[in-house]
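Numbering-wise, the sequence shown is residues 1 to 536 according to full-length UniProt numbering.
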Amino acid sequence: MLLNQKKRRISGSSSGSDTALTKAFNIGAREQLHSEIARMFYSAGLPFHLARNPYYASSYTFAANHNISGYLPPGYNLLRTTLLKRERSNIDRLLEPIRGTWSEKGVSIVSDGWSDSQRRPLINFMAVTEGGPMFLKAVDCSGETKDKYFIANLMKEVIMEVGAKNVVQVITDNAPNCKGAGQLIEAQFPHILWTPCVVHTLNLALKNICAAKNVENNVLTYGECSWISDVVGDVMMVKHFITNHSMRLAMYNEFVPLKLLSVADTRFASSLVMLKRFKLIKQGLQTMVISDKWSSYKEEDVGKAKFVKDKVLDDVWWDHINFILSFTAPIYDMLRACDTDKPCLHLIYDMWDTMIEKVKMEICKHEGKRPEDESTFYEVVHEIRVDRWNKNNTPLHCLAHSLNPSDQWLHEDPKRVPPHRDEEIMLERNKCLKRYFEDPEERNKAMIECGKFSTKMMPFSDVDSIQGRWTMDPYTWWAMHDKFESLGDIGILEVANLSLDEPDLEAVIFTDNGGEGAGCGDGDGDGDDLVELGSN
């Protein structure tokens, strides 16, 4: 009996402890809150990656740590008006340190065209410096003729907002209207240079090689490169044959762990991306087409099924894919290296030289020839790249290249010469200096200082300065050993990247009534605020 009383006391104590634990941690309330949050996601179709947003967690943490009796979350109108304006002001305050570097480091105005979810034509403008890119604005061009004058006027407005004296260059794609707009800006602002997007230039070179057009003035190129477009067409046919039927796609997923990519045509080097994926899944594709399932599957289009099987098992076809990827790899690698927010203007000239040499090496290796031997295919590829370089190269490239303290690239090829001994670089650099220094006396002083820098004369002749050229990155070296008086800081070298990265606006949907997506575009300017917040 005494034993039973002890058991009851222990049991009662345990029950009380569980109740106290439950009350202390509000387990029931937590579970209820979890359910409410999950229901919000499910009912509104919110993407689950929203839960990874740091502000998602911090908002609930703040509410849990502060006793705000009767609090209700902000409603529809408060979110799209007062709070939106307040957050835009907060973002402007956070961006102020970046704006403060514009006068010292220089800024690049980057512009690109794109379409929103309603397929309205938009032109976005960004200011890019060493501190990072900053979204400025997006202009709806519906109903407008996007000629060079219209684009130039938009550029001029942005330049005046940023401050003309702070702008080093404007970067656009290579379209004729953009080039014409850039020339108009150069005429109005002599110190501002138009620079075509180097990534877009490389992508056009790849398109000229991988999708050569059969036109009258392109006979030789088409004759040498048409086999590449044939291979790419075969790859796309195989891909579509598999993905356009649920049974074939299920069979593919059984044999291949990697998904077939759906690459947008607007993305850079889309054909090469698809070829790279096919190379990775080669073994799985071959296993699939020789399996009993493939043989027993009754397909309406037997001819296409046989075509796919023959191609996937054709070693010569795979050799062609490997060769395409090998000789285009240097171009693709340079494209990826330039498609970044990091400043790379001073590296472009050397990158082109290195890329050209590597492409020649790959083609000669495939054809079993020496570098000095003639190759019609290489000459065609080389001509395409040289033509694109001539359209892409600007005096600013040459000036930045000549101000790059690192000279290790000189030792990669005995044919290379220092910038001050390269006639093209010196000619283009002097063009640039003439635009920066209208006063002949000041320009002459700048040229003398550039000469001393190039030849490592005083004040660039000390041991630490010379050794640092090998061990330091250019920005660190300039910060430690900048002895230029006329050029001031190294703003010319620190201008922005040369690629056009579209702002991350996927979450913003422009509507006329504010009832879709983020609820913007009601005519009161809240759409502009949301675009700026989403991009910065």
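We treat Cβ as the ideally placed atom computed from N, Cα and C, and that holds for glycine.
Extent of the continuous alpha helix (DSSP H) run through Ala51: Position 51 of the sequence shown, counted from the start, is the residue given in the question as residue 51. No alpha helix (DSSP H) holds Ala51; DSSP gives it neither H nor E.
Asn153 versus Gly100 - alpha carbon distance: Translated into positions along the sequence shown, residue 153 becomes position 153. Translated into positions along the sequence shown, residue 100 becomes position 100. Roughly 25 Å between the two C-alpha positions.
Expected contact under 8 Å - CB spacing of Met334 and Trp294 to nearest Å: In the sequence shown, residue 334 corresponds to position 334, counting from 1. In the sequence shown, residue 294 corresponds to position 294, counting from 1. Actually they do not touch by this definition, with Cβ atoms about 40 Å apart.
Local conformation of Pro196 per DSSP, three classes: What you label residue 196 is simply residue 196 of the sequence shown in a count that begins at 1. Looking at Pro196 - three-state DSSP - the assignment turns out to be strand.
Closest by C-alpha distance to Cys197, when choosing among Phe255, Ser108 and Ser229: Walking along the sequence shown from the start, residue 197 turns up at place 197. Checking every option, the nearest Cα to that of Cys197 belongs to Ser108.
Span of the alpha helix (DSSP H), counted from its first residue to its last, around Val302: Residue numbering aside, residue 302 sits at position 302 when the sequence shown is read from its first letter. Unbroken alpha helix (DSSP H) run through Val302: Val302 to Val312.
Beta-carbon contacts of Asn177 that lie in its chain and below 7 Å, excluding the five residues immediately before and after: Position 177 of the sequence shown, counted from the first residue, corresponds to residue 177. Same-chain partners within the cutoff: Lys146, Asp147, Lys148 and Ile151.
Cα-Cα separation between Ile348 and Leu275, rounded to whole angstroms: Along the sequence shown, read from residue 1 onward, the residue named residue 348 stands at position 348. Along the sequence shown, read from residue 1 onward, the residue named residue 275 stands at position 275. Computed Cα separation, rounded: 26 Å.
C-alpha distance - Met160 paired with His240, whole-angstrom precision: Sequence index remark: in the sequence shown, residue 160 carries index 160 (1-based). Sequence index remark: in the sequence shown, residue 240 carries index 240 (1-based). Their backbone Cα atoms lie some 49 Å apart in a straight line.
Beta-carbon contacts of His200 that lie in its chain and below 6 Å, excluding the five residues immediately before and after: What you label residue 200 is simply residue 200 of the sequence shown in a count that begins at 1. If we look at His200 and ignore the five residues flanking it on each side, its Cβ neighbours are Asp173 and Asn174.
Exposure label - Gly70; buried when at least 16 CB within 10 Å: The sequence position of residue 70 within the sequence shown is 70, counting from 1. It is exposed - the Cβ of Gly70 has fewer than 16 other Cβ atoms within 10 Å.
Coil, strand or helix - Ala138 by DSSP: For the purposes of this step, residue 138 is taken as residue 138 along the sequence shown, with counting starting at 1. Strand, per DSSP.
Unbroken alpha helix (DSSP H) run spanning Ser270, endpoints: Reading the sequence shown from its first residue, position 270 is the one you call residue 270. Ser270 to Leu280 is the extent of the alpha helix (DSSP H) around Ser270.
Assumed close pair Leu325, Leu272 - CB separation to whole angstroms, cut-off 8 Å: Locating residue 325 in the sequence shown gives position 325, where the first residue counts as 1. Locating residue 272 in the sequence shown gives position 272, where the first residue counts as 1. With a Cβ gap of about 7 Å, Leu325 and Leu272 count as contacting.
Leu184 versus Met355 - alpha carbon distance: Here residue 184 is taken as the residue at index 184 of the sequence shown, counted from 1. Here residue 355 is taken as the residue at index 355 of the sequence shown, counted from 1. Near 32 Å, if we compare the C-alpha coordinates of Met355 and Leu184.
Buried versus exposed, by CB contacts within 10 Å (16 or more), Arg119: For the purposes of this step, residue 119 is taken as residue 119 along the sequence shown, with counting starting at 1. Per the 10 Å Cβ criterion, exposed.
Boundaries of the beta strand (DSSP E) in which Thr129 is found, first to last residue: Translated into the one-based positions of the sequence shown, residue 129 becomes position 129. From DSSP, the beta strand (DSSP E) with Thr129 extends over Pro121 to Thr129.
Among Trp352, His245 and Asp339, the one whose alpha carbon lies nearest that of residue 543: Outside the displayed range of the chain (1 to 536) lies residue 543, so it cannot be described from this structure.
Length of the line joining the Cα atoms of Leu313 and Thr328: Position 313 of the sequence shown, counted from the first residue, corresponds to residue 313. Position 328 of the sequence shown, counted from the first residue, corresponds to residue 328. Approximately 24 Å, taken between the alpha carbons.
Where Ile290 sits in the DSSP three-state scheme: Stepping through the sequence shown from its first residue, residue 290 is reached at position 290. Here Ile290 sits in coil by DSSP.
Through-space distance from Ala205 to residue 545, alpha-carbon basis: No answer is possible for residue 545: the residues shown for the chain start at 1 and end at 536.
Touch test, the segment 352-370 against the segment 186-195, Cβ-Cβ under 8 Å, three pairs minimum: no
Span of the beta strand (DSSP E), counted from its first residue to its last, around Thr172: Taking the sequence shown and counting its residues from 1, the one referred to as residue 172 is at position 172. Unbroken beta strand (DSSP E) run through Thr172: Val167 to Thr172.
Residues of its chain near Met351, where Cβ-Cβ distance is below 6 Å and the 5 sequence neighbours each way are ignored: On the sequence shown, residue 351 is found 351 positions in, with the first residue counted as 1. Hits under 6 Å: Met334.
Between the CA atoms of Gly113 and His346 - distance to the nearest angstrom: For the purposes of this step, residue 346 is identified with residue 346 of the sequence shown, where counting begins at 1. For the purposes of this step, residue 113 is identified with residue 113 of the sequence shown, where counting begins at 1. One C-alpha to the other measures close to 26 Å.
At least 3 beta-carbon pairs within less than 8 Å: the segment 410-417 vs the segment 436-447: no
Minimum C-alpha distance to Ile384 - residue among Val359, Lys306, Asn404 and Leu46: Along the sequence shown, one-based indexing puts residue 384 at 384. Ranking the options by Cα distance to Ile384, first place goes to Val359.
Per DSSP, the bridge partner or partners of Asp112: Within the sequence shown, residue 112 is the residue found at index 112, counting from 1. Note: Asp112 sits in a beta bridge opposite Asn124.
Stretch-stretch touch, CB-based, cutoff 8 Å, three pairs: the segment 419-435 with the segment 385-403: yes
Contacting residues, own chain, Cβ-Cβ under 6 Å from Ser454 (five flanking each side not counted): Within the sequence shown, numbered from 1, the residue matching residue 454 stands at position 454. The answer, listed in chain order, is His420.
Nonlocal neighbours in the same chain, by C-beta distance under 8 Å from Glu502, ignoring five residues either side: Taking the sequence shown and counting its residues from 1, one reaches residue 502 at position 502. Any reading at Glu502 must be qualified, since the residue scores a pLDDT of 41, below 50, and its modelled position is unreliable; no value is offered.
Range covered by the alpha helix (DSSP H) that runs through Thr340: One-based indexing of the sequence shown puts residue 340 at position 340. Element bounds for Thr340: n/a, residue is neither H nor E.
Beta-bridge pairing of Val107 - partner residues as DSSP gives them: Position 107 of the sequence shown, counted from the start, is the residue given in the question as residue 107. DSSP output for Val107 lists Val167 as bridge partner(s).
DSSP beta-bridge partners of Pro133: For this step, residue 133 is matched to residue 133 along the sequence shown. Note: Pro133 sits in a beta bridge opposite Val128.
Helix, strand or coil at Ala507 [DSSP, three-state]: Taking the first residue of the sequence shown as position 1, residue 507 is located at position 507. Confidence at Ala507 is low in this model, with a pLDDT of 32, below 50, so its placement is unreliable and the value that follows should be read with caution. In this structure, Ala507 counts as coil in the three-state DSSP scheme.
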